[in-house]
Amino acid sequence: NQALRSGLSILPSVVAAYPYEGPDANRARIRALVLSANGNLAAVGREDGIAEVLDMREGKAIVSLLPEENAEVASSSQVGGMTFKASGVDAEVTALAFSPDGRILITGSNDKTARIWEVSSGRELFRLIHEGGVASVAFNPAGTYVAAGSKDGTARIASLDQGREVMTFTGQAEIRKVL
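Here the numbering used here runs 1253 ahead of the position in the sequence shown, where the first position is 1.
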């Protein structure tokens, strides 16, 4: 028994849980998860189109990005952060990536967009538009470019400095992974 207890004591414990307490828990299922490079933040993408950034040290959500028509502050969140709105209907979040410094988040959704967000404010900086749902998103190691791969067979690269798309690759089938 002592050896078992000693062995179990080195296993990680659950520090915080990610509960959803809304009217439609089935639509809040998590579809994507990413951790920031320093491990201080996590982002979850949900089936209902909401992406939330969580503070891993505090164990709570600090920013929620909601699928609405205009990017604007919606309200103060009950968990201490702010809630923001982004465009899209039925915009299941399928892909997420943090910039290397954790200040920018890119979300890919089935509403055919990849959105680039400033984490501290929740402000949408710009977006990439595809003809099909976005399956994969990524930053380059320097954090100066983002890439989004889509079910329409295209991969788009955008410059963060320019705030716009700079290159498109077209394939024959869904682009499942961009790195």
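Note that CB positions come from ideal geometry on N, CA and C, so glycine has one too. Computed from a predicted model, the values in this text were never measured in an experiment.
Q) Who are the near neighbours of S1214 in its chain, counting only those whose CB is closer than 6 Å to its CB and skipping five residues on each side? A) For residue 1214 there is no data in the structure shown, the boundaries of the chain being 1254 and 1432.
(Q) If contact is defined by three or more beta carbon pairs under 8 Å, each pair taking one atom from either stretch, is the segment 1379 to 1394 in contact with the segment 1311 to 1318? (A) No: fewer than three Cβ pairs fall under 8 Å.
**Q.** Residue from I1303, M1420, R1409 with nearest C-alpha to E1384
**A.** When only C-alpha atoms are compared, the closest one is R1409.
Q.
Please report the distance separating the alpha-carbon of A1327 from that of E1300.
A. Because the pLDDT at A1327 is just 40, under 50, the model does not fix this residue reliably, and the value given afterwards should be weighed accordingly. Counting only the Cα atoms, E1300 lies some 20 Å from A1327.
(Q) Taking only three categories from DSSP, how would you classify A1281? (A) Looking at A1281 - three-state DSSP - the assignment turns out to be helix.
Q: Determine the direct distance from the alpha carbon of A1388 to that of G1298, and round the result to whole angstroms.
A: Going by C-alpha positions, G1298 is about 12 Å away from A1388.
**Q.** Reduced DSSP category for T1397 - H, G, I as helix; E, B as strand; rest coil
**A.** T1397 falls in the coil class under three-state DSSP.
Q) Would you call I1303 buried or exposed, if buried means 16 or more other Cβ atoms sit within 10 Å of its Cβ? A) Buried, since its Cβ has 16 or more Cβ neighbours within 10 Å.
Q.
For a quick check, are the C-beta atoms of V1372 and I1359 less than 8 Å apart?
A. Contact flag unset, no.
Q) Do you know offhand how far A1350's Cα is from A1296's? A) Answer to the nearest angstrom: the Cα atoms are 8 Å apart.
Q) How many whole angstroms separate the CB atoms of V1390 and A1411, which I take to be in contact at a CB cut-off of 8 Å? A) The pair is not a contact, with the Cβ atoms about 11 Å apart (cut-off 8 Å).
Q) In chain order, which beta strand (DSSP E) runs of at least 3 residues are fully inside the segment 1362 to 1416? A) Qualifying beta strand (DSSP E) stretches, in chain order: 1366 to 1371, 1376 to 1382, 1387 to 1392, 1398 to 1403, 1407 to 1412.
Q) Can you give the beta carbon distance from A1348 to A1285, rounded, assuming they're within the 8 Å contact cut? A) Contact between A1348 and A1285 holds: CB atoms are separated by about 6 Å, below the 8 Å threshold.
Q.
Can you tell me whether D1301 is helix, strand or coil according to DSSP?
A. In the three-state scheme derived from DSSP, where H, G and I count as helix and E and B as strand, D1301 is classed as coil.
**Q.** Spatial distance of A1426 from K1365 (CA atoms)
**A.** Their Cα atoms are separated by approximately 15 Å.
(Q) Let me make sure I understand the geometry here. Which of D1405, Y1398, E1345 has the alpha-carbon closest to that of M1420? (A) Nearest C-alpha to M1420: Y1398.
Q: Please name the residue, chosen from V1306, P1394, E1418, D1405, that lies closest to I1428 on a Cα-to-Cα basis.
A: Out of V1306, P1394, E1418, D1405, D1405 has the C-alpha closest to the C-alpha of I1428.
Q) How far does the beta strand (DSSP E) with L1432 in it reach, from first residue to last? A) First-last for L1432: undefined, no H or E at that position.
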